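>
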Amino acid sequence: MKEPKTKLDSILRERGMSTKDLERELIQNDLKIEYYALTQYRNGTRKNMTIETLNKLCVALGVTPNDLVETDAVPVPHKKRYSD
Numbered sequence: 041m042k043e044p045k046t047k048l049d050s051i052l053r054e055r056g057m058s059t060k061d062l063e064r065e066l067i068q069n070d071l072k073i074e075y076y077a078l079t080q081y082r083n084g085t086r087k088n089m090t091i092e093t094l095n096k097l098c099v100a101l102g103v104t105p106n107d108l109v110e111t112d113a114v115p116v117p118h119k120k121r122y123s124d
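Quick note on the numbering used here: the sequence shown kicks off at 41 and runs consecutively.
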């Protein structure tokens, strides 16, 4: 079995859940995160998430933010909007 790519991936594997199962759980709680975004969060290609997204995942999975946030995550700098 492959190593989990992210904490979210690890939690879903432990529970035997697919990304589609997570999407269904979100919908049952009247929450919405697009399937493609869930896939990217799970495989680690999308690293930065909003507090709102983090909260939705925590509610749907019954976990705390510490259970989902990667400790080695490096924030992506914002692009400059104006040139000097």
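Glycine included, each C-beta is placed from N, C-alpha and C at the ideal position.
Remember, predicted model here, so these are calculated numbers, not experimental data.
Going by other Cβ atoms of all chains shown within 10 Å of its Cβ, with 16 needed for buried, is P120 buried or exposed?
The residue labelled residue 120 in the question sits at position 80 within the sequence shown. Correcting the residue type first, residue 120 is Lys in the shown sequence and not Pro. Exposed is the call here.
> Which residue from L101, I73, E92, N95 puts its Cα closest to that of G56?
Here the question's residue 56 lines up with position 16 in the sequence shown. Comparing Cα-Cα distances from G56 to each of L101, I73, E92, N95, the minimum goes to L101.
> Could you give the DSSP three-state label for V103: helix, strand or coil?
For the purposes of this step, residue 103 is identified with residue 63 of the sequence shown, where counting begins at 1. Reduced to three states, the DSSP call for V103 is coil.
> For K72, which residues from the same chain have a beta carbon less than 7 Å from its beta carbon, with the 5 sequence-adjacent residues on both sides left out?
Counting from one through the sequence shown, the residue named residue 72 turns up at place 32. L66, listed in sequence order.
> Return yes when the Cβ of E92 is within less than 8 Å of the Cβ of A75, no when it is not.
Here residue 75 refers to the residue found at position 35 of the sequence shown. Here residue 92 refers to the residue found at position 52 of the sequence shown. The sequence shown places Tyr at residue 75, not Ala. Not closer than 8 Å, so no.
> Look up T59 in the DSSP assignment and say whether it is helix, strand or coil.
Translated into the one-based positions of the sequence shown, residue 59 becomes position 19. Here T59 sits in helix by DSSP.
> Drop a sphere of 10 angstroms on the beta-carbon of K47, count the other beta-carbons inside from all chains shown, and report buried for 16 or more, exposed for fewer.
Against the sequence shown, residue 47 aligns to sequence position 7. Burial call: buried.
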